[in-house]
Structure formats: C-alpha cells, structure tokens
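Single-structure report; data block below.
There are 4 protein chains.
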Amino acid sequence: MTPNTMTTDNFSLLDNLAIELPSWAFGNSGTRFKVFGTPGTPRTVEEKIADAATVNRLTGLAPSVALHIPWDRVDDYAALGRFAADQGVALGTINSNTFQDDEYKFGSLTHTDKTVRQKAIDHHLECIEIMGQTGSQDLKIWLADGTNYPGQGDIRGRQDRLAESLATIYQHIGEDQRLVLEYKFFEPAMYMTDVPDWGTSYAQVTALGERAAVCLDTGHHAPGTNIEFIVAQLLRLGKLGSFDFNSRFYADDDLIVGAADPFQLFRIMFEVIRGGGLDADSTVALMLDQCHNVEEKIPGQIRSVLNVQEMTARALLVDTDALTAAQEAGDVLGANGIFMDAFYTDVRPMLAERRAAKGLPADPMRAYAESGYAESIAAVRVGGTQSSWGA
Amino acid sequence: MTPNTMTTDNFSLLDNLAIELPSWAFGNSGTRFKVFGTPGTPRTVEEKIADAATVNRLTGLAPSVALHIPWDRVDDYAALGRFAADQGVALGTINSNTFQDDEYKFGSLTHTDKTVRQKAIDHHLECIEIMGQTGSQDLKIWLADGTNYPGQGDIRGRQDRLAESLATIYQHIGEDQRLVLEYKFFEPAMYMTDVPDWGTSYAQVTALGERAAVCLDTGHHAPGTNIEFIVAQLLRLGKLGSFDFNSRFYADDDLIVGAADPFQLFRIMFEVIRGGGLDADSTVALMLDQCHNVEEKIPGQIRSVLNVQEMTARALLVDTDALTAAQEAGDVLGANGIFMDAFYTDVRPMLAERRAAKGLPADPMRAYAESGYAESIAAVRVGGTQSSWGA
Amino acid sequence: MTPNTMTTDNFSLLDNLAIELPSWAFGNSGTRFKVFGTPGTPRTVEEKIADAATVNRLTGLAPSVALHIPWDRVDDYAALGRFAADQGVALGTINSNTFQDDEYKFGSLTHTDKTVRQKAIDHHLECIEIMGQTGSQDLKIWLADGTNYPGQGDIRGRQDRLAESLATIYQHIGEDQRLVLEYKFFEPAMYMTDVPDWGTSYAQVTALGERAAVCLDTGHHAPGTNIEFIVAQLLRLGKLGSFDFNSRFYADDDLIVGAADPFQLFRIMFEVIRGGGLDADSTVALMLDQCHNVEEKIPGQIRSVLNVQEMTARALLVDTDALTAAQEAGDVLGANGIFMDAFYTDVRPMLAERRAAKGLPADPMRAYAESGYAESIAAVRVGGTQSSWGA
Amino acid sequence: MTPNTMTTDNFSLLDNLAIELPSWAFGNSGTRFKVFGTPGTPRTVEEKIADAATVNRLTGLAPSVALHIPWDRVDDYAALGRFAADQGVALGTINSNTFQDDEYKFGSLTHTDKTVRQKAIDHHLECIEIMGQTGSQDLKIWLADGTNYPGQGDIRGRQDRLAESLATIYQHIGEDQRLVLEYKFFEPAMYMTDVPDWGTSYAQVTALGERAAVCLDTGHHAPGTNIEFIVAQLLRLGKLGSFDFNSRFYADDDLIVGAADPFQLFRIMFEVIRGGGLDADSTVALMLDQCHNVEEKIPGQIRSVLNVQEMTARALLVDTDALTAAQEAGDVLGANGIFMDAFYTDVRPMLAERRAAKGLPADPMRAYAESGYAESIAAVRVGGTQSSWGA
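Chains as they are written, first to last, in our numbering: chain A, 121 to 511; chain B, 121 to 511; chain C, 121 to 511; chain D, 121 to 511.
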C-alpha cells in the first residue's frame, strides 16, 4: 500500500519524453456534421507554429511541430525552420495527403490508374524534398485508400500496387530519413481499408527495408484491441517507428490522449518503457494526432502532453523487480497489485515540483489561462481564413 | 431443397412496400476528410424531388420524399407539394436540424441554456408548421446532442431537459401527426450521446404519449447488436414509428441498405412482416437514410429500394407454418433450414416479371442507365451550388 | 491542481457503501476450456459463507451474501441464516437457475412448451419461498434463454411468453420483496438472447409493477456501450434495482470490478451518487458477480470491494459545484479537468486511516495474507467435492 | 439481371474443394454454463471417425478427419489409419492441446517456468511423432496462453519465450510437414492473448521458416474485422496455411460456418479463389472447427460443408472480367452489382444435379435424415462416456 517513489533512474527517462505536436491541431476540425470555428484560430502555418511553441514553453514537453503537406506548404522552408527555431521549436515529421484531390476518389498509391498512382508518388517525393529543407527525419504516410462496397476493388491487386508504390517512394528516402506507414481500422473507407492493421503495415514496411517502420495511431483499432500488446510486439520486432496519440470511446474519435481511458495510456507507456522506447537511443517518435472539435485547442494540446507525461511517470513507478517476482510466482493478484499501485499513485505534485525546478510553470493549464495568450490571438487574428483540414 | 414459391397472399403484402427517399441523398455527402462533388447534383429542392421521382418512376417503390429543414426550406410549401405531385411523388417526413448552428455546439434540446433550448424548440415548431403545409405526417427528430469528454455535461440533467423540451414540442403535434425520435449509438458526440439506444428513445416517447414513437436507423447500433430483436420488441410494444434504412460494416457508415449484410436485412424484414409492419393498417414508415459518398446517387437509391424489395420478397417466402412446427419440435437445423431456404432463393426473376406486369422496367438499374437521365442532368445542372449537408 | 479533500458529507455517503458477495465467487469457476481447482475451495454453502464473512471482517464492506438456487440449497434456511449471522453477515439476494437442466436446452420462461415454462416458474416460486425463510429482499432472474441460429425461435413469441411467465412469478412476490431482471448482451445464446439489453428489461419490469426493477451487470453490454449513461437513465426512471459488478475487456469476462477500466468504474459510481443511489433511502443494491478463474478467490473478493470503495471515494471528491459552473459555461476542458482531478487523486491513504479508525485493518489485502486463513482452509478443507457452477 | 452460369473451368475448381472435419465436432460441446449430451454421441475416436465418414459419404466433400491429442490418443495409429481408410476417409491435421493440464494455468509455450515450457514442447514432439504414424501433414497449434489482468504477465517476455519454444518444435517438423499457428482475439485469456492476431502469427511463423504458416479461424477476430482482407493478404504473403471454419455473431461463437453471415463466407471464398487457394497446387487446407451446442452434430457438419460448397459455387460465378472492367472504370455500383449478382444466384439446383451425377444424394441433409444413421447410433452407443472436450 506504500506508494512507490520515483527513483533517480526513472526521472532520467522522463527527461527523454518529447512529444511532437501536429500543426493541424491548432486549426479547426470537426465531424462530417459540423466544424465549429473559434476566435484566434491560426490562419497561417507560422501562427500554428507560434501556438505550438506556446505549448512547449509552458510544458517543456513539445519541442517539435509536424507539418502537413499541402496544408502547410510554404515557399521557403528554410525560413520557416528559422521562424520555428526562433520560437524554440523544430520542424518535425512531414505528413503527406492523398485524400483530398478528386483524382484520389478511388485510391492513391493503390489506384488502378498508373497516372493517379504516379501523382500520389510524386506528392511523396515532394514531401521528401521538403524534408531535406526542413531537416525532418520522418515521412509519415497515412492513406485514405480503400473501398466502400464489396466488389468495388480488387483487394489483392490493390495491395500489390501499394507495395510497388511504396517501393518507389522508399528509393528516395535518405540515409538519415525514415518512411513510417500508418494503419487504420476504417474511415474514410467503410468496407475495406488498404492498410487496416499493424500486420499489413508491418508486412509492407518489412518488404521495404530498414528505414521503414510502422506508425501506431492509438485510435485506429478494432473495438477491444489490446494496443499495448501491439506496442510490445512492434518494439520486439524493431519496427515501431512512431505513435500518433489520441483517445477514443468508439471509433477514430481523436479525443485528447488519455481522456477516454487513462489506464490504457498507462499500460501503453509501460510497454514503451519496457521495450526501450524511452531510452536515450530509442528511435520511437511520439506525436499527438487529435481533433479539438469542441474544446479549446491550445489548452487541449497542453492537457494532452501533460496526460502523456503523467501516465509515463506513473508507469515509471512500477516496481519492476517485484513485478517480475510476482509474475514468476504465478501470483496474479500480487502482480496486478504492484502494477495498479503505480497507476493509482498521484504523480501530479511530484511533476509540479519537477517543472518548477526547471523554471517551468508548476501548473501549465493555469499558466496558459492566466497568460492572456488566448485573448491576445483572438484580438490579433482577425480576418483571413481560419486554418482547417481544408487549408 | 425445393425452393418456396410466393403465394398470392404474400404478393399482396409486397404491394404495401413503400420506401420514402430522403431529399439529401441526392446532394453531395462524404466524410470529414472529403466530400466529392459529381456532375448533375441538384442545386435546389425541386431538383432533388425530380431525382427522387425518377427513382419512383423506375421502381414503383418510392412514392414520397422526406424533407430536411433548413436544407429544403422554401417560401411556398404548397407549391412545392404541387411540384412533387406533378412528378408523381408526395412530400413526406419533415426532418429537423439542430446540429449546424454555432449555438448548438454544446447541445440543443438538452442545452443548459434555456435560450438555446427555446431556439431548438422553436425550430421544431416551425417544422410542425411546415408539416401542416406539406401534409406530412411525421416530425423526425435526430439529435446530435451529446458530449465528448467525461464531466463535460451532466448526463442526468441533460436527460431531464430533453424530456421537458420534447414535451413542449409534442404539445404542438397535431392529431394526425407523429413525433418520431431517432436514437444513435455515437457520432458526432464521442463520449456520451443523449439518445444513444432504443431504450432511451422508448422511455422518452412513452412519456410523451400515443403519437410519439421510435425511429430505428439500422446503422445506429453498437457492434454486434441484434437489430431484428429490437424491431420485434418495438413492434410488440407498439412503438416502432419508422425506419431509417442503410447498412454498415463499422460505425454509422450510411452505406446502401443491404449492401453490407443482406441476410441481416432479410431478418429485419422478416420481423417487420411477423409484427404486422407490412400490413395494410401498419403505421411503420420505411425510409432510406444513406450517404452516397463514392457511388452515383440516383442509381444508389434505386439499388437501395430494390434491395429492400428483394429481401422483403425473400422474407415473404419463409414457410412460417413449417417454421413454427420445427421451432416447437426443437429442431434447430430444421428451423434454420426453412429460414435459410427462403433467403437462398433467387427472387429476382419473379420480381422482374412482377414489375413488367405493372408496366415498370424489369431491370430498373439498366433502365436508368439507358434513360439518359444522368447525362441530361449533368448537361443542364451547370452553375449554382450543388446541394450538400450544408445547404 | 490542488487535490480535493473529502468533506464530512461525502464521508457519510461512503458509510452507506455495502456490497453483497455472491456465494459462488468462492467456488471454482472457469471457461469452457478448463476450470482450475484450488486448495481450500469450499465444499458447502456454510464454507462459502465463512469465506464471505472473512472478506467482510477485513473490509467492513460486505455485510451480506447472495445465494444461488439450487447450488446453495439446504434443508434448513433458518439455520443457515443463523450460521451467517454468527459469522457477521446476512443472507441476501436469491438467484434462480434455469440454465442447467436438460429441459431448458431451448429456453425456460420463454420455452414453447408450457410444461417447461411451468417448471421454470415453479423454480422461481421455490426461490420466493426460500426468500421468505432467509429474509431476502430480492429475487434476481438472469435467463440463459435465447437461440443460436436465425429461425431457431420466434423472437416475438418468446418475448410474449417471457412477459406471461414473469407476470405469474411476480404475483408471488411479497410486499417487501422485489423481482430484479438482469439483461445480458449474449452468452450462452449466440444469436438471440431474450433479455439482451436494458431496454428489454425495463419494458418487461415496467409491465410487472413497482416491485420489479432492472439488474445491471457491468459486463453485459455491447462493445463501447456507455454504461454510466444507462445507470443515470435507470435511476432517473426509478428502475435501477441492483448492480452485478465485474469488469471486462472483451465479452462477459467476469474479471474483478475495476480491474479492466478503473476510470469507467469511477464514472459509474459518480452517476450512482448523482442519482441518489448511495443515499440512505436508496433501493439500489450493489453486488459482485465475478469469476476468479486464475486468481485466488478470497483476496479476489477483497480486492473487488476495495476497488468499488476506492472509486466511490474518488467520485465523492468531485467538486460538483465547480463542475456545474464549468458545464454551464461551456468550459469543456475545465469541466473535464475538475472531473479528472478527483479521479487522479490517490484516496488510499485516506481510506486506510478511515479503516483504522473503525478498527479495521488499514490494508485488508495484507491483513488477509498474514491472517493464515488461506493456509487454514487449505489444510482443513480436504476431501469432498469443491463447489463450482455445477454444484 | 441474367444470372451467371458456371463455366466448365469453374466447375473444375469446385472439384478441388475438400474440407477436413474435426473429430471433436462429433463429441459434446457447450458453453461454460452447460454442456448438453445427446443420444448417439461417440465414445471413442473410432466412432467419431465413423460419423465423419458418414458426412463424407453423403457429400463427397469431407475426405479427412483432424485429430486432437490427447482427446484422440490411441495405442496404434496405424490401425486407426486403416480403420479410417476402410470408412473412406484419411487422418488429417494433428491438433495439440496445452490448455487442460493444471501446469498450464499460467501458460504453456510462453510460461516463465522452463519445466512447463518443456512439457508443452514435449507434447508437440509427441504430436509430430503421431503425425509420422498417421501420415498427417499439419501440426496445428492453438494456444490458450495469455493473462487475465494487466501486470499478470510480461507481454514482451512471453512473446520471446513463445518464439523460442516454437523454434524448438519447428526443428522437429519433417520435410513434408508443416507447423500452422492459429491466432485468436481472446478467450480463454481475458486481457492479453499471446497470439491474438494474424500479424503476430505471421511474424512468429516467418521467423521459423518455410514450413510454418498461419491458421485463420474465421471466428477469432475483433468485431468488424474484414476477414477476407486477411485472407487476401496472407495468400499474397504466401503464409495462409489453413482455415478453421465457423461463424459468429459476437465472439468465438463457433456456430456453423456461413450461418451467421453467408455473404461474408462468399467474400472469403472469393478471395481464396482469387489468391489461388483452390488451385490444384494450393497448400491452403480447409477445416471446420465448430461447436454444435444445441443442434444435432452430424447434420450440423453436413450443413457446414454444404454451406462452404454453396458459397464457393456462388463465388465462382462472379464474372471476373466484367468485375475488373467495372473496377478500373471506377463504376462502384456496377462492380458491386456484378459481385452481388453472383451472390444472389441460387446455386442449389446446380449443385444437386452435380451431386446426382457423381452418385451422391442430391439432398444430403434429407438423405441423412432418411438414412436411419441417427437412430442406429442412438441405439447402439449406449453406456460408456460420451466424448467431449474433456476426453
């Protein structure tokens, strides 16, 4: 019953925690029924970066920003990188987009028409070129490709074309770059999705080579899926490239990570740690991918990175020696009890102290609320077109 | 193994089959990722009605069109009714919309703010007024109300306010009118939906009175839900007001009814028949509610009503006397075999003959393709704004 | 960030927490693949009661024991009651069993054969008679009735027969007794279950009368179902009779309550409190219904009642005034933050103090481990047949 | 609308259809709540084989019988093989069992205790030895290994031990033999299953070598999983070893294949054909794995193989040239229509003719009912212990 205490060793792992923010989290998003706008929403990529930098300033947890092409296309990426650096953040993962052009209605990298496939491939080559200019390491590919009706597409043929298209793209991935392939159970395709599960992503990236890996989005699984198992498995196989963090009750709800099931996030982070994903030499990239449909966006991002930090801290509290002993003794309740003891411990006071010691606000949510930033951007960002998934 | 043959009695029930088409099925729809436009998409409610009338002309199955307010708001509903009558169809159910105004971000009939609730109530009173002008019988209420995060709303209080708002609306429902309350498992709310299941809709409409009933949308259930059970139960309780037909593999996919699981549609229609829902005096209204995201819209609607007809015809083939005998004998495989025998019978030739006898095209899909209608509307409907969920 | 503190008021509600233990939790249970036996498993109902009393002695949370007929049938229930009282516990809910006789293969209260229905009705009358002798208040009915194949049974007819059978049983329910009807999504029936959801149970018990209510088993829902919503709704409708607590990742896993998703248990207890379910005059009965397939049984029950207590304590920490204010202000993150603040607070030290103040062990799990009880029953309970679902 | 006609080519593929029957399908099975016995249930493996041979005699579809060790352990496998041959069937897949010994409570091939792992490995070596004597090609491994509570086991460590154990077993697999590894979403483990998905099975068998492949049980997936996609993917990867056919509405319901969703079975068989799984040189083995809990067992098996045959025949009717053309034209409804046209065609008369031409009964279900076999075994098989999962 005595709560665990974080050891110095564990603290040092917590220092490795860095969570990339997606630029599009600061724009408007919503459901197919309605997208609500809010005052102060960024109109430009620079404004998105400024918002992301605010999250990092208050939390010390979010040192980089992912871009989405074409939503974040600019003329001068070097200048954009300098702008970001001035704000204290780096440019991160480049996300491609092959789901909003009319040509992609029936697929992109999997399309039966070679012309459309080439267009989609070329888009990825553009992304790789941008990566060179931004210094980004990862090209993240999430495909909307799939079909809505049985018979609409040739499942097998689409998979073969996917492999061919990916191979072409992979040839352009630089020595220090990676291609990460995201999977998703369903949506927007309603019958068959071309990369629906980790097995498919794993099989595809394994065929590509060492610089290709899987991206695990925590909201992209069938009901009941044990996600921490997949985390453990992909780490074991050396193919867990990155995370897209969010949470869900039903489908790809894209809620704030940890909001729907904090215990699940705890279990996931426990397996990340167990598999070396927080080690200094880890190549697992952590990123948020969420939609703040009804809540404020910047504090939504702050809440998100704090949730990851809190659940990581709790996971670091697990007394792994005692756990192993209980597991080997077949002591089910003992092992579960050791595990839960860490989860049930309130780490917030410890984390607040830790923040204060680093010159960060003890309570980043309150600090943001009191900062006047929200009022300031609402006053300044008037006119123009608020960013959303469409722009 | 000898296939059943439709008896004269069964044929007469098939004549009672009438499926209302939603005006919005002819506009563009899509996912939160992309809405694809297509040539010939209606710009006005009159063009939607013309398309719906085309479906009815070719199938004889779709004698009425449901309207959505405000999407289908016009100045003169009497004139709209005459326009529809000229096209051979009637105006049907009026569907309200309380999910696209900014005020409804946190609820409509359930909102904590009385002003917002009153606005939503007033919208429904406008709908009832329109019903008077169109001669519509049913006011259908589907609410997007709900919350995305635990703690965001007071579940219990929202339910009480819902009851109060519905009671106010119900007072204005005329003697020959009905209020039908649709339920939905989730979306757009991601944590808690205020009318998430048939039990909630049933409890709410029962509290209202005799002219309130449940609307069952076949895509609005949790994974694995036995929908035909709910059909049987609501018919038994006298509270099955209407159907929104569509099909799904995952969530509220809004695919063509019968496309995902024709056997399920067969089972549903079997219970409809079993419970008297196709009888001459039945008050169960059948309607489509689908999204033709990637397929052509008019043939999509034709395919849909044909699917309902085909599965209804198969369901009518069940030898119910033999089935009852097998059930009472505890002959599991025998009973199942009798049931499946009807499902496995190809009714299409019979239905084609029946159509021809009524002066309808034997193959409505082919008749549409050869009619030149698609080409004609693509040529004529140029300029303007294509209808979608937004307009 | 400042953790809430439990107010005196809240503490007093915590004193109302009483969780009934099922006698069968102390017997062996398992899956269809294997039932593992363990040393010390009770052979008699008296030994089960002794184990349950041990849980109560160490936790002060479990003052009564539910019986299952015929598993716990004895000749002299008055004597059994005295035995229980000597152990410090009372006899509670009587659970009927209509799923293990060969006659029930195709149903019990819903069977097409009147003789079988009467046998099942008579069994319930016997249970009511036992209730008179044990002073039990609740007759709990869970039915395995259902079908495995489409067509096997007449869904509608079965529902009508269920209503008739229940009405007959209800006539024998005494003035101070209740009939509680449990629902279950599926299992052992694999296609159609006759009481599959709360709506069906609600409709059936409402038809019976005031002394009939719904039993909500937390593991008996479709994937993704929002259980706290159902809790709130049934409390609102005045028909939440009782809980069967357990937890699940997949189906009716019957794991220790709170083990799979402690946050869900917190949300459920919040709605119980919100709806008056912990008030002094509440008629909501709390009970465990779990299977300790691989873990030790007695500490499994201790862990379970502690989990309910801990999550109830956390739920009592919610600052409801602040929560209401945030909800009314549309402050999504603020409201969620207030809610989560309570959940994230470690209540264990407070509860340990509270226990000590009442003369209970501060750490019941440790107290049990050190008590020697497990070793004692393993030594004494040798020979005979270990209790299980079969006996 | 003109129904397709089976071409000679397609017929020849239908001749390749051979479905292995599991010996245990003829024994009693059930749920954790109750196992119902029936007159005539086999007491010995010979009686099981006799029943299986009856299915084959009436359908011509089931030329082999899978054995389960230890349930079907005999002293003289050569004699057993001769007995089977006399009945017109061969002995097929050997299924191991590491889920019913007390030592396996916490795992078998994944257990932390080397002694238990070795015991489980040795059991598989015994199975391989039996394969040598029976001439069986496949060793099928389904593991119940997993955990019920978070923290109970080390997910990663268990996976590593699984790999090591499998590698040891694989070393003994002969040149003409295969190891097929089955995956299952959950049950009997309720939190974490060690081989929960096709990705895990694929990664494990790929590490073993060419003579290891995946077994796909159609009932072992998360809700909503697109199984035909997995079929297509595994065929593409060359790792689809075998099928365990059954169907389900909820979990691993083990219902008659095709009973829950015949359209899904059609889609699965379409992908089997598409990927060469019915070709003469195919190495994909088809097998049933079902539980006849409430229905008669022998006709249950007959119904099952007929369902596979019927859906295969329908799948062979798909006009693949027209389908490809429609797919390439982006004609969603056209492609779906071609696909559905085949599914909606009643193939039963054609198959009856085909059977008659081969000297088989046109209606195997009726032929069985009229054969007197059921009455005969009920009369003869008196005394002894009916076979079940336990023996």
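C-beta atoms are modelled at their ideal positions from N, C-alpha and C, and glycine is treated no differently. Quick caveat, the model's predicted, so the values are computed rather than measured.
Chain G within 9 Å of residue i, Cβ atoms only
i, result
"Val-351 (chain A)", "Checking the listed chains, one finds no chain G in this structure; the protein chains it contains are A, B, C and D."
Exposure label - residue i; buried when at least 16 CB within 10 Å
i, result
"Glu-249 (chain D)", "exposed"
"Gly-395 (chain B)", "buried"
"Gln-238 (chain D)", "exposed"
"Lys-234 (chain D)", "exposed"
"Lys-478 (chain A)", "exposed"
"Pro-469 (chain D)", "exposed"
"Thr-505 (chain A)", "exposed"
"Val-500 (chain B)", "exposed"
"Thr-122 (chain D)", "Note that Thr-122 (chain D) has pLDDT 41, beneath the 50 cutoff, so the model's placement of it is unreliable and no number is given."
"Val-392 (chain B)", "buried"
Min CB distance residue i to chain A below 9 Å
i, result
"Pro-382 (chain C)", "yes"
"Pro-343 (chain D)", "yes"
"Asn-268 (chain B)", "yes"
Contact with chain B by residue i, beta-carbon distance below 9 Å
i, result
"Asp-317 (chain C)", "yes"
"Arg-501 (chain A)", "no"
"Phe-363 (chain C)", "no"
"Met-470 (chain D)", "no"
"Glu-448 (chain C)", "yes"
"Asn-124 (chain D)", "Its pLDDT being 45, under 50, Asn-124 (chain D) is placed unreliably by the model, and nothing is read from it."
"Gln-238 (chain C)", "no"
For residue i: DSSP bridge partner residues
i, result
"Val-334 (chain B)", "B:Leu-301 and B:Leu-360"
"Ile-139 (chain D)", "D:Leu-406"
"Gly-150 (chain A)", "A:Val-155"
"Val-185 (chain C)", "C:Leu-141 and C:Leu-211"
"Leu-375 (chain A)", "A:Ser-367"
"Ser-508 (chain A)", "A:Asn-148"
Residue i at chain D interface by Cβ criterion, 9 Å
i, result
"Thr-465 (chain B)", "yes"
"Asp-258 (chain A)", "no"
"Pro-159 (chain B)", "no"
"Ile-388 (chain A)", "no"
"Met-431 (chain A)", "no"
"Gly-133 (chain B)", "One detail in the question is off: residue 133 (chain B) reads as Leu in this sequence, not Gly. Answer no: the Cβ-Cβ gap between Leu-133 (chain B) and chain D never drops below 9 Å."
Any chain C beta carbon closer than 9 Å to residue i
i, result
"Leu-398 (chain D)", "no"
"Tyr-322 (chain A)", "no"
Proximity test, residue i beta-carbon vs the ligand MN heavy atom, cut-off 8 Å
i, result
"Leu-471 (chain B)", "No copy of the ligand MN appears in this structure; indeed no ligand is present at all."
In chain order, which continuous runs of the beta strand (DSSP E) of length 3 or greater are located wholly inside the region 196-260 of chain D?
210-215
Quick check on the DSSP output: what are the complete alpha helix (DSSP H) runs of length 4 or more inside the region 436-500 of chain A, in order along the chain?
440-448, 452-464, 468-477, 484-491 and 493-500
Which full runs of the alpha helix (DSSP H) of 4+ residues lie inside the region 263-327 of chain B, going along the chain?
List check, alpha helix (DSSP H) in window: 275-290.
Name the residues in the region 291-315 of chain A whose C-beta lies less than 8 Å from a C-beta of chain C; which are they?
none
Could you run through the region 406-436 of chain B and flag, in chain order, every residue whose CB is less than 7 Å away from some CB of chain D?
Val-414, Glu-415, Glu-416, Pro-419, Gly-420 and Arg-423
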